[in-house]
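Residue numbers (our numbering), protein chains in the order written: chain A, 1 to 109; chain B, 1 to 114.
Positions of the beta carbon are idealized from the N, C-alpha and C atoms, including for glycine.
Notes follow the structure.
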Amino acid sequence: DAKTTQPNSMESNEEEPVHLPCNHSTISGTDYIHWYRQLPSQGPEYVIHGLTSNVNNRMASLAIAEDRKSSTLILHRATLRDAAVYYCILREYNNDMRFGAGTRLTVKP
Amino acid sequence: GAGVSQSPSNKVTEKGKDVELRCDPISGHTALYWYRQSLGQGLEFLIYFQGNSAPDKSGLPSDRFSAERTGGSVSTLTIQRTQQEDSAVYLCASSSGLGQDEQYFGPGTRLTVT
């Protein structure tokens, strides 16, 4: 499986933007980039995914480097509810996903 | 509609006993996944079902672990002769099985082996 590298932890202030990086230098042409997050004491929830182009949805934006070897999840205005572990995952078409250790995001009021 | 449900929510068992964990996926979802998460750790993939078949069993940690899915719906994860290192939260997820589908996770079963 292609692997991803994320910082163990990050901090942000409430109502400020947050940029969560992910490196995936061994990504293949058919791998999609998925992001999930896990709030305390809950199962993970889907955030966003993309292949080559940047993506936006109601939760976040995903910026993908031109060479696809890295990507950044952008939370435009962090709230206390965004405190969670964020997982960056590479997924081939219709295949299962392998979660790494993720980045623990702390949001300070 | 109803989300993914898992039962029991908590299970305490003695070392050496067998346990069964149940997952009810979202109606119509053909893909079903089992993961486990030890305290403070990330998710560890166990097994994946497409319909009733399991094309990927590579994550099962030992032959004490098995899973089945019947009728393309409910799945049961069985752990035989439980060990203390089996203590973890067992998470189930389901998805439509089409393309880059979103996985919907259940609340998990917290298993404690004493």
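Say whether chain B places a C-beta atom closer than 9 Å to the C-beta of G100/A.
-> yes
Within 9 Å (strictly less), CB to CB, does D96/A reach chain B?
-> yes
In chain A, what lies closer than 7 Å to G106/B by C-beta?
-> G43
Of the residues E14/B, R22/B, F65/B, G99/B, the one placed nearest Q6/B, counting alpha carbons only = R22/B
Compute the Euclidean distance between the alpha carbons of H76/A and G16/B, then round it to the nearest angstrom.
-> 50 Å
D18/B - containing beta strand (DSSP E), residue span | Careful: D18/B lies outside any beta strand (DSSP E) and carries neither H nor E.
Alpha helix (DSSP H) runs wholly inside the region 50-99 of chain B, at least 4 long, in chain order | none
Contact belief for P8/B with T70/B at Cβ below 8 Å, rounded distance in angstroms = With 8 Å as the limit, P8/B and T70/B do not qualify as a contact, their Cβ atoms being about 19 Å apart.
Chain-ordered chain A contacts of Y33/B [CB-CB under 9 Å] = D96, M97
Does the count of Cβ pairs from the region 56-71 of chain A and the region 29-37 of chain A closer than 8 Å reach three?
-> yes
Is D96/A helix, strand or coil when you go by DSSP?
-> coil
CB-CB length for A101/A against N8/A, believed under 8 Å | 7 Å
Sort out for me which residues DSSP pairs A31/B with in a bridge.
-> Q50/B, S95/B
Nonlocal neighbours in the same chain, by C-beta distance under 7 Å from F45/B, ignoring five residues either side | Y35, G59
Could you work out which residue in M97/A, R104/A, S41/A, I89/A is closest to L62/A when comparing CA atoms only?
-> I89/A
Where the beta strand (DSSP E) through A63/A begins and ends = 61-64
Could you please tell me which residues of the region 41-71 of chain B, in chain order, have their CB closer than 7 Å to any CB of chain D?
-> Absent from the structure: chain D. Protein chains present are A and B.
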